[in-house]
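Chemist: Protein chains in written order, with the working numbering: chain A, 33 to 324; chain B, 864 to 1091.
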Amino acid sequence: MARRLDYYFHETATGLRRNALVAFAAITTVFISLFLLGGAQLIGRQINLIIDQQTERVEVSVYLVDNISKSDFTRLNQMLHSMPQVESIRYETKQEAYQRFKELFKNQPDLVNNVSPNALPASFRVKLKNSEQFGVIKAQLEGQPGIDTIKDQSEILNRLFAVSRALRYGAYGVSAIMILSAIGLIANTVRMGIFARRKEIGIMRLVGATNWFIRVPFLIEALFEGVLGALLAIGGLYILKNIFFNQFLPAISFLPVVTTQDLLALVPVILLGGVVVALVASWLAMRRFLEV
Amino acid sequence: MIKFQNVTKTYKESVVALEDVSLEISKGEFVFIVGPSGSGKSTFIRLLLKEEEPTAGSLWVAGKNVTRLSRWKIPELRRNLGTVFQDFKLLPNKTVFQNVAFALEVIGKQKHIIDQRVPEIIELVGLGEKLNNLPEELSGGEQQRVSIARAFVNRPLILLADEPTGNLDPATSVEIMKLLDRINRIGTTVIMATHDNAIVDAMRRRVIELDDGRVIRDQSRGVYGYGA
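1) Quick check for students: name the residue ranges of the beta strand (DSSP E) that lie wholly in the stretch 917-996 of chain B, counting only runs of 3 or more.
2) Looking at the C-beta of M318 of chain A, does it have a partner C-beta in chain B at a distance below 7 Å?
3) I need the DSSP call for Q1082 of chain B, collapsed to helix, strand or coil.
4) Rounded to whole angstroms, how far is the Cβ of I888 of chain B from the Cβ of V894 of chain B, which I believe are closer than 8 Å?
5) Does K159 of chain A come out as helix, strand or coil in the three-state DSSP assignment?
6) Quick one: which chain A residues come within Cβ less than 8 Å of N1030 of chain B?
7) DSSP puts S120 of chain A in a beta bridge; with which residues?
8) Using the rule of at least 16 other Cβ atoms within 10 Å of the residue's Cβ for burial, across every protein chain shown, is P177 of chain A buried or exposed?
9) Kindly say whether A241 of chain A, judged by its beta-carbon, lies nearer than 7 Å to any beta-carbon of chain B.
10) Using a Cβ-Cβ cut-off of 7 Å, state whether V981 of chain B counts as contacting chain A.
11) Have a look at E968 of chain B and K974 of chain B and give me their C-alpha separation to the nearest angstrom.
12) Return the CA-CA distance between R1069 of chain B and L881 of chain B, expressed in angstroms with no decimal places.
13) Suppose the cutoff is 6 Å on Cβ atoms and the five residues either side in sequence are ignored; what does the same chain contact list for G1029 of chain B look like?
14) Which of helix, strand or coil does DSSP assign to F823 of chain B?
15) Which two residues bound the contiguous alpha helix (DSSP H) that contains F166 of chain A?
16) Evaluate contact between the stretch 210-229 of chain A and the stretch 313-320 of chain A, counting only Cβ atoms and requiring at least three cross-stretch pairs below 8 Å.
17) Of the residues A:S114, A:R191, A:A194 and A:N146, which one's Cα is nearest the Cα of Q325 of chain A?
18) Could you tell me which residues DSSP puts in a beta bridge with S103 of chain A?
19) Got a sec: which bits of the stretch 964-977 of chain B sit with their beta carbon under 9 Å from any beta carbon on chain A, in order along the chain?
20) G991 of chain B to T873 of chain B, Cα distance in whole Å?
21) Between the C-alpha atoms of H1092 of chain B and I1011 of chain B, what's the straight-line distance to the nearest angstrom?
22) Tell me whether A351 of chain A is buried or exposed, calling it buried when 16 or more other Cβ atoms sit within 10 Å of its Cβ.
23) Do we get a CB-CB distance below 7 Å when we pair Q952 of chain B with the residues of chain A?
24) Against chain B, does I64 of chain A count as a neighbour if the rule is that its beta carbon must be under 7 Å from one of theirs?
25) Use the C-beta contact count for S877 of chain B: other C-beta atoms within 10 angstroms, 16 or more gives buried, fewer gives exposed.
26) Secondary structure at K872 of chain B, three-state DSSP: helix, strand or coil?
27) Could you give the distance in angstroms between the alpha-carbon of T242 of chain A and the alpha-carbon of G267 of chain A?
28) Of all the options A:L272, A:G305, A:N51 and A:A154, which has the alpha carbon lying nearest to the alpha carbon of M224 of chain A?
29) When the distance is taken between beta carbons, is A58 of chain A closer than 7 Å to E257 of chain A?
30) How far does the beta strand (DSSP E) with D883 of chain B in it extend, from its first residue to its last?
31) In angstroms, rounded to a whole number, what distance separates the CA positions of V1053 of chain B and P982 of chain B?
32) Is R1077 of chain B helix, strand or coil by DSSP?
33) Contact check, A1014 of chain B vs G945 of chain B under 8 Å by CB: the rounded distance?
34) Are the stretch 154-171 of chain A and the stretch 90-105 of chain A touching, with three or more C-beta to C-beta distances below 8 Å?
35) Going by C-alpha to C-alpha distance, which of B:R980, B:I1062 and B:L1023 sits closest to N943 of chain B?
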């Protein structure tokens, strides 16, 4: 057994040296494709964190007319409470609105002084269970007596969702192409190895070496390339997380940042990716060239 | 040891390589397969190694039906068959020792067995002095001896030799034949495809003559051709 392992490692090392350039290209491609795949996951996770955080704050503001009648007010209040999409409702009086306005613009006293406490409308602040259901709420409330305007912040979120989706799909697309090229390149190193050793392989078959014995060195070579590429990708993602997410993002805003846990969760996926790429590539290469 | 039963091998476009061949070769026999180029000698050997399948009929090697043998059992079959070719098929970057040891390494034999058996067999073929030489430093006859050592090192039941003297001068060929004869006398069945009539005539062993894929003669203690 020890001798056999010795043989495998020797053959694999020879193979890698012989195809150093193609092996390098294969490893690099695996690295880039898996890095993109993992990067897309991290970016997606990051955007989700931001969306979650923002969703917390998103509310629909139902501004009321100044001279709202008591019955209209009661009816609106009951209507909102009976809606299944609504999570909570807070009533903000004109006075409270003015306080918030003063707080918000305390650096511009001129502006504050020019607005009378009575100028700001009272409103219902409605929190939705799902911010995407704004349309339903709006349709039901629109035209009801006592309502001035209905506003909502979900537009911004929708744009964020769209950006996130575009980014992720783009990265997935590029990563898929890169994975295909990685498979092609690894298959090529295996094929070149088989070609370089066709004489040995012919003799091995003649003297009765098993198929697996002949294949194992090529399989190890492919796995080495796949797994090394995957490890490089993990290293790359670690750097991306620590430099970009941890240093750069907090500097621009108080946003939640992806954690080491998020990265660790990706490690098995990326390693598995490297292994699968290697297995598919060697299968493709050996299917045609290593039959008895 | 070997049995062919109505074996026919046709390549695409109805090129017939062997046609309805039935014969038996017993353990310990020395058999020449003779005939002109394209008469089916090589196909005969390729069928035994299961490198090709017969179009019709069955054949047995060492009691096993080769036609029905599953693919994963082919290595086991080939470990019972030593093979020697006209072009030696040695690995140029390996020494004599390494070339012979290679045959044992790749079937997973342990190092101590290899270290014991390889020098023994190289001694047997008369190359004890050249253990560490590369093939290019050897004469053609010596290279063929290495290839015979490699074919025989795993003690196969049968030795298949496809034109083993085809690249050698007559004097060297005689030496190779002496070696094959010795291997045969140890108890190994030897099957040799050749069109070297001098050798066949000198050896006086069983001769199976093929022509256009048919057995036209099967003669014990035969010569190359009738009255030739």
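Glycine included, each C-beta is placed from N, C-alpha and C at the ideal position.
Modeler: On the basis of the coordinates in this document:
1) 919-924 and 944-948
2) no
3) strand
4) 6 Å
5) strand
6) Ordered by position in chain A, no residue passes the 8 Å Cβ test against N1030 of chain B, which lies about 17 Å from the chain.
7) A:K159
8) exposed
9) yes
10) no
11) 8 Å
12) 19 Å
13) Q949
14) Look at the range of chain B in this structure, 864 to 1091, and you will see that residue 823 of chain B is not part of it.
15) F166 to L173
16) yes
17) The structure shown does not extend to residue 325 of chain A, since chain A is modelled only from 33 to 324, so the question has no answer here.
18) For S103 of chain A, which the question treats as bridged, DSSP gives no partner whatsoever.
19) F965, A966, L967, E968, V969, I970, G971, K972, Q973, K974 and I977
20) 45 Å
21) Residue 1092 of chain B is absent from the model: chain B starts at 864 and stops at 1091.
22) For residue 351 of chain A there is no data in the structure shown, the boundaries of chain A being 33 and 324.
23) At residue 952 of chain B the sequence reads Lys, which differs from the Gln that was named. Output row for K952 of chain B: interface = yes.
24) no
25) exposed
26) strand
27) 38 Å
28) A:N51
29) yes
30) V878 to I888
31) 23 Å
32) strand
33) 3 Å
34) yes
35) B:L1023
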